[in-house]
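Asks:
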Amino acid sequence: MPTIDHGDVTLPEPGWCTGHAGHIPGYRVDLTHFGTQHDLTFEGNTLLVAMLSQDPFATVAERRRTGLYVELADFSGTLDPAEVRQFAATLTVHAMHLRRLADDLAVIQAEEGGR
16 MPTIDHGDVT LPEPGWCTGH AGHIPGYRVD LTHFGTQHDL TFEGNTLLVA MLSQDPFATV
76 AERRRTGLYV ELADFSGTLD PAEVRQFAAT LTVHAMHLRR LADDLAVIQA EEGGR
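So, in structure tokens, the structure goes:
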């Protein structure tokens, strides 16, 4: 992949990475592998986004390990009692999904070893 500061950079791509089709040349330290994006929603509104990520050239060594990138969306609304219950149920389902992603991440990190 082209970079501003190191020219073309070749790096191994983890099996879970979705590719770099939209890559815009930047600094090598900013190269990131991303996995499948999981949009966790409520009534069509995104509450949070989660995906595996890895920054192979990060300046902080721990950031070079695969992690789960999580981004909270800007959701707000006034809910009636039934909607609050539905919202709570939705959050419970999303929490289970996040736990499964954590399990997947633990397997990937174990395979990575001490990197």
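For the sequence shown, this note's numbering assigns the number 16 to the initial residue and increments by one for each residue that follows.
Think of the CB as a built atom: it goes at the ideal place given N, C-alpha and C, for glycine as much as any other residue.
Source: prediction; values computed, not measured.
#1: Am I right that A73 and V44 are in contact with their C-beta atoms under 8 Å? What's the rounded C-beta distance?
#2: Thinking just about the alpha-carbon of each residue, which of H112, F90, T47 and G128 is nearest to the one in T18?
#3: Can you tell which of W31, Q124, P27 and D20 has its C-alpha closest to the C-alpha of R78?
#4: Which ranges would you report for the beta strand (DSSP E) in the stretch 27-114 if only whole runs of at least 3 residues count?
#5: Considering only C-alpha positions, which residue in the set L83, A117 and F90 is nearest to E58?
#6: Put D20 into one of helix, strand or coil per three-state DSSP.
#7: Using the Cα positions of Q101 and P27, report the straight-line distance between them to the nearest angstrom.
#8: Please classify Q69 as buried or exposed, where buried requires at least 16 other C-beta atoms within 10 Å of its C-beta.
#9: Rounding to the nearest angstrom, what Cα-Cα distance links N60 and T25 in this structure?
#10: Whose CA, out of V108, G37 and M66, lies closest to the CA of D119?
Replies: Once the coordinates are examined:
#1: As a working mapping, residue 73 is identified with position 58 in the sequence shown. As a working mapping, residue 44 is identified with position 29 in the sequence shown. The C-beta distance from A73 to V44 rounds to 7 Å, short enough to meet the 8 Å contact threshold.
#2: What you label residue 18 is simply residue 3 of the sequence shown in a count that begins at 1. T18 has its Cα closest to that of T47, out of H112, F90, T47 and G128.
#3: As a position in the sequence shown, residue 78 is number 63, starting the count at 1. For the residues W31, Q124, P27 and D20, the minimum Cα distance to R78 belongs to Q124.
#4: Fully enclosed beta strand (DSSP E) runs of 3 or longer: 53-57, 60-69 and 82-87.
#5: Position 43 of the sequence shown, counted from the start, is the residue given in the question as residue 58. The shortest C-alpha separation from E58 is found at F90.
#6: Taking the sequence shown and counting its residues from 1, one reaches residue 20 at position 5. D20 falls in the coil class under three-state DSSP.
#7: Walking along the sequence shown from the start, residue 101 turns up at place 86. Walking along the sequence shown from the start, residue 27 turns up at place 12. If you draw a straight line from the Cα of Q101 to the Cα of P27, it is about 43 Å long.
#8: On the sequence shown, position 54 is the one that residue 69 refers to. It is buried - the Cβ of Q69 has at least 16 other Cβ atoms within 10 Å.
#9: The residue given as residue 60 occupies position 45 in the sequence shown. The residue given as residue 25 occupies position 10 in the sequence shown. Spanning the two alpha carbons is a distance of roughly 38 Å.
#10: If you number the sequence shown from 1, residue 119 lands on position 104. Ranking V108, G37 and M66 by CA distance to the CA of D119 puts M66 first.
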